[in-house]
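J.: Here it is: the structure, laid out below.
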Amino acid sequence: MRAGTRSVIVTSVLLAVIAAGCSTDAGVRVTDRSTATDDSASPDDTAPDDSAPDDSAPDTTGGSSSGGTIDWEPCDDESATDEALECATLAVPLDHNAPDGDTIDLALVRAPATSDRQGAILMNPGGPGGSGFDFIAMNGTGIQSQMGLDGFDIVGFDPRGVDRSNGIRCVDDAFIETHLYLDDTPDTPEEQALLDEDTQGFVDGCKERYGDTLQFYSTDFTARDMDLIREGMGDEQISYLGISYGTYLGAVYATLFPDRVRAMVLDSAYEPNGDTVEEQYLTQIVGFEGAFNDWAKWCQDDAGCPFNAADVGARWDALRVQLDENPITVESGRVVNQSTLDVATSAALYSEASWPVLADALAKAETGDGEGILSMADDYKGRNADGTFDTLFQSIGIIECASGIEQAPPDDPDALLAKIKEQAPRWGADVTLEDLTDTTGDCADLMPDQDIVELDYSGDGPIVVVGGTNDPATPIRWAEEMTAALGANARLVTFTGEGHGQLLASKCVTEAESAVLIDLTLPDEGTVCDPDPVVERPTWWDTLPTIPGEEAVELPAVSAALGLSDTLGYGETRVTAASMEDADAAWATALADAGFMDLGVQDIGIDGTLEHGYFSPEGELLALIFMSPEAFDTDALSSAKSSVPEGKTVLLLVYLPQ
């Protein structure tokens, strides 16, 4: 379960950086955008230098000692451009049952405490297989500031088997590209052969490269790695914040090391224990069916929705048939079919902020422009702007198998198939009996049976568990079950809004999470958090100057990529042929003439962007984010590239209530 938090937190980083600028005496804070010195240590040294697996064993070090003090140094990893960050590596046993054997290096990054240090907070964004390094490299200082965690080191790490930490690569990027969006309703022997090759090719690649070591990439062992991180930082206890699958990782740590837990936040809880076989198959497919229906109702009720219709679901169905029968070939030569549509739609259902982006992309796809849905699908699948792939979708299945997380075969597959069709008629439309009975690619093909860790926490450290009533990926039932399993010192917070992952997306949830991490204070029993209200257009907005050559346009994909939801701020987008530097200079002059106070240029860590903060004459915060055409070639903004007029500078103006 991927956490749908990245875009929300990008905006929170912006909020934090501009807020820091507000506190300077001169009212101006200019950030040096240069990178760290070349002689610094970087976790990137542990990453594979090529995306293609070779015939050698995975990158382990024989006989090295593990653990020890962590030596933090400036980062030179290209993802860690914030100069406040520090990076390190830590050797840990490949097999924790043989601590003197081979080791692997974990990649770590931290935003150090900026006031008297109270300890460390480890964070994990989910997956399994999500990069905790990238999560903190992009968001660490913003989370620290927004949540008031100045007294804590905010620590991210790539878990074993993920990206820089000996990331699982059973097949190369070319194999993934070929099999990325296969037609899952094959009409020809060739299409069926590709589907068969996809599963078997991955299994064969894993066996050839990793042999019997795949079983060591478990949640249990990752939790033990976390304890070595704690030890290496010199702390007797750690705090932790996990999202989605990261909640289960945190709960496993609490089960194994109860006395070493200071405090925990488990946001969008995933609890794989206890589900019946039927629930294992139905939970997520029914969740996404409901989320789709919520999106479709929003689009039907909003005349401004680009995909508006009397029956949005039927319009989506028709587009899916169209893409199955006549896939779109985009400019790069890549093909957009119904499988691409399925992935893009699933990705958008993780966050309400992505709903208008999906609608816009669907409307364009009807006219033969498939770039929008392809960008959304690629972002979800971990395909980078340069055509390489993160390890997420290779490591996810390995980590689940090694952790004993596996769907058991149904006792009555015919009855289960009927329930799927009944409860998820759209999302389960293509599920077949063979899907429920074919064991090819199951965990048994990769490793011996593994035991799952059952949760049982006996420690004193308080734990907040967050669950959403409209979360498509992790139902509220899992949050309730996890809270019960963790005992008297765990407390449930229920969020009633849409989406998956509520970190910094809800003020009420954020307050509960901050309180337990800072003050060890649990929320009241039965705490319920409703969505934040929509931010209204400020009265002074119409007094903003008009800059010659600029054109107001609706670009929901840009707002979504930067995390601007209507509950975080009010924003508008404009485009211009001017360079972002010239556009910034024109706005600076015009806003000064209009009585706005200049807070200076900021850096949100995305290449090809320029950020400028101002106070309105009324003392309210206005942010201007200028994005050059090159900015949309970065991983952070590539999902919006297809929506942006070619060769234009994009400006997002945002009112941010304080």
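With the sequence shown counted from 1, adding 11 to any position gets you my numbering. In this text, a Cβ means the ideal position worked out from N, Cα and C, and glycines have one as well.
Between the C-alpha atoms of Ala47 and Ser176, what's the straight-line distance to the nearest angstrom?
T.: Start at 1 with the first residue of the sequence shown, and residue 47 comes out as number 36. Start at 1 with the first residue of the sequence shown, and residue 176 comes out as number 165. At Ala47 the pLDDT is 34, less than 50, meaning the model places this residue with poor confidence and gives no usable figure here.
J.: With a threshold of 16 other CB atoms inside 10 Å of the CB of Ala364, please say whether the residue is buried or exposed.
T.: By 1-based counting over the sequence shown, the position of residue 364 is 353. Burial call: buried.
J.: Just the Cα atoms here: how many angstroms apart are Leu206 and Asp195?
T.: Here residue 206 refers to the residue found at position 195 of the sequence shown. Here residue 195 refers to the residue found at position 184 of the sequence shown. Using only the alpha carbons, I get a separation of about 8 Å.
J.: Mind checking who His623 pairs with in its DSSP beta bridge?
T.: Counting from one through the sequence shown, the residue named residue 623 turns up at place 612. Beta-bridge pairing links His623 to Val612, Leu635.
J.: Please say whether Gly470 and Asp278 have beta carbons closer to each other than 8 Å?
T.: For this step, residue 278 is matched to residue 267 along the sequence shown. For this step, residue 470 is matched to residue 459 along the sequence shown. Contact: no.
J.: What residues in its chain sit with their C-beta under 6 Å from that of Ala568, if we drop five residues either side in the sequence?
T.: For this step, residue 568 is matched to residue 557 along the sequence shown. The residues are Val368, Ala651, Ser654.
J.: Give every residue of the same chain whose Cβ lies closer than 6 Å to the Cβ of Thr340, excluding the five residues on either side of it in the sequence, and list them in chain order.
T.: Reading the sequence shown from its first residue, position 329 is the one you call residue 340. Here the set comprises Val346.
J.: Can you look up Cys412 in the DSSP assignment and give me helix, strand or coil?
T.: For the purposes of this step, residue 412 is taken as residue 401 along the sequence shown, with counting starting at 1. Reduced to three states, the DSSP call for Cys412 is helix.
J.: Decide if Ser126 is buried, meaning its Cβ has at least 16 other Cβ atoms within 10 Å, or exposed.
T.: Taking the first residue of the sequence shown as 1, we reach residue 126 at position 115. Ser126 should be labelled exposed.
J.: Quick one: using the 10 Å Cβ neighbour count with 16 as the cut-off for buried, is Ala642 buried or exposed?
T.: Here residue 642 corresponds to residue number 631 of the sequence shown, with the count starting at 1. Under this definition Ala642 is a buried residue.
J.: Let me know the secondary structure DSSP gives Asp550 once reduced to three states.
T.: Residue numbering aside, residue 550 sits at position 539 when the sequence shown is read from its first letter. For clarity, residue 550 is Thr in the given sequence; the question names Asp instead. It is helical.
J.: Shortest alpha-carbon distance to Ser385 belongs to which of Ile409, Phe404, Ala359, Ser406?
T.: Taking the first residue of the sequence shown as position 1, residue 385 is located at position 374. According to the sequence displayed, residue 385 carries Leu and not Ser. Selected option, being the one with the closest Cα: Ala359.
J.: What separation, rounded to the nearest whole angstrom, lies between the Cα atoms of Asp322 and Gln311?
T.: As a position in the sequence shown, residue 322 is number 311, starting the count at 1. As a position in the sequence shown, residue 311 is number 300, starting the count at 1. Those two C-alpha atoms are separated by around 7 Å.
J.: When burial is assigned at 16 or more other CB atoms within 10 Å of the CB, is Gly408 buried or exposed?
T.: Counting from 1 along the sequence shown, the entry for residue 408 is found at position 397. With 16 or more Cβ atoms within 10 Å of its Cβ, Gly408 is classed as buried.
J.: Please state the DSSP three-state secondary structure of Asp278.
T.: On the sequence shown, residue 278 is found 267 positions in, with the first residue counted as 1. Correct three-state label for Asp278: strand.
J.: Quick check on DSSP: helix, strand or coil for Val131?
T.: In the sequence shown, counting from the first residue as 1, residue 131 sits at position 120. Reading off the sequence, residue 131 comes out as Ala, not Val. Here Ala131 sits in strand by DSSP.
J.: Would you report the Cα separation of Leu193 and Gly162, rounded to the nearest angstrom?
T.: What you label residue 193 is simply residue 182 of the sequence shown in a count that begins at 1. What you label residue 162 is simply residue 151 of the sequence shown in a count that begins at 1. Using only the alpha carbons, I get a separation of about 48 Å.
J.: Let me know the secondary structure DSSP gives Gly398 once reduced to three states.
T.: Taking the first residue of the sequence shown as position 1, residue 398 is located at position 387. DSSP places Gly398 in coil when its eight states are reduced to three.
J.: Return the residue from the list Leu427, Asn395, Ala455, Gly159 that minimises the CA-CA distance to Leu444.
T.: Counting from one through the sequence shown, the residue named residue 444 turns up at place 433. Checking every option, the nearest Cα to that of Leu444 belongs to Leu427.
J.: Under the rule that 16 or more other beta-carbon atoms within 10 Å means buried, what is Ala58, buried or exposed?
T.: As a working note, residue 58 is residue 47 in the sequence shown. Residue placement at Ala58 is poorly supported in this model, since its pLDDT is 38, which falls under 50; the coordinates still yield a value, given next. Buried.
J.: Tell me the DSSP secondary structure of Leu1 in three-state form.
T.: In the structure as shown, the chain starts at 12 and stops at 669, and residue 1 therefore has no counterpart that could be examined.
J.: Starting from Gly159, follow its DSSP beta bridges and name the residues at the other end.
T.: Reading the sequence shown from its first residue, position 148 is the one you call residue 159. Gly159 is not bridged to any residue.
J.: If we ignore side chains and look at the alpha-carbon of each, how far apart do Pro170 and Ala496 end up?
T.: For the purposes of this step, residue 170 is identified with residue 159 of the sequence shown, where counting begins at 1. For the purposes of this step, residue 496 is identified with residue 485 of the sequence shown, where counting begins at 1. If I take the Cα positions, the gap works out to 24 Å.
J.: Under 7 Å Cβ to Cβ from Gln226, same chain only, skipping five residues before and after it: list those, please.
T.: As a working note, residue 226 is residue 215 in the sequence shown. Within the same chain, Gln226 has close Cβ partners Ala413, Met458, Pro459, Gln461.
J.: Apart from the five residues on each side of it in sequence, which residues of its chain come closer than 6 Å, Cβ to Cβ, to Lys375?
T.: Indexing the sequence shown from 1 puts residue 375 at position 364. Only Gly383 meet the Cβ criterion.
J.: Buried or exposed for Gly658, going by 16 or more other Cβ atoms inside 10 Å?
T.: Position 647 of the sequence shown, counted from the first residue, corresponds to residue 658. Gly658 is exposed by the Cβ-count criterion.
J.: Cα separation between Pro473 and Leu514?
T.: Looking up residue 473 in the sequence shown gives position 462. Looking up residue 514 in the sequence shown gives position 503. Looking at the two C-alpha atoms, the distance is approximately 18 Å.
J.: How many angstroms separate the CA atom of Cys98 from the CA atom of Pro85?
T.: Looking up residue 98 in the sequence shown gives position 87. Looking up residue 85 in the sequence shown gives position 74. Those two C-alpha atoms are separated by around 6 Å.
J.: Determine the DSSP secondary structure at Ile384, reduced to helix, strand or coil.
T.: Stepping through the sequence shown from its first residue, residue 384 is reached at position 373. In the structure shown, Ile384 sits in a helix (DSSP, three-state: H, G or I).
J.: CB Thr578 to CB Val527, shorter than 8 Å?
T.: The residue labelled residue 578 in the question sits at position 567 within the sequence shown. The residue labelled residue 527 in the question sits at position 516 within the sequence shown. For Thr578 and Val527, no; Cβs fall outside 8 Å.
J.: State the beta-bridge partners of Leu101 as determined by DSSP.
T.: By one-based count along the sequence shown, residue 101 stands at place 90. Looking at the DSSP assignment, Leu101 forms a beta bridge with Leu117.
J.: What is the DSSP secondary structure of Ser365, reduced to helix, strand or coil?
T.: Looking up residue 365 in the sequence shown gives position 354. DSSP places Ser365 in helix when its eight states are reduced to three.
J.: Give, in chain order, every unbroken run of the alpha helix (DSSP H) that is at least 4 residues long and sits entirely within the region 301-338.
T.: Segments of the alpha helix (DSSP H) lying fully in the region 301-338: 323-336.
J.: Where are the beta strand (DSSP E) runs, 3 residues long or more, that stay fully inside the region 202-260, in chain order?
T.: The qualifying runs are 249-254.
J.: For the structure I just gave you, are there three or more beta carbon pairs, one from the region 579-598 and one from the region 626-644, closer than 8 Å?
T.: Verdict: yes, contact present.
J.: So who's on the other strand from Ile474, going by DSSP bridges?
T.: The residue labelled residue 474 in the question sits at position 463 within the sequence shown. BP columns for Ile474 point to Met275, Ala501.
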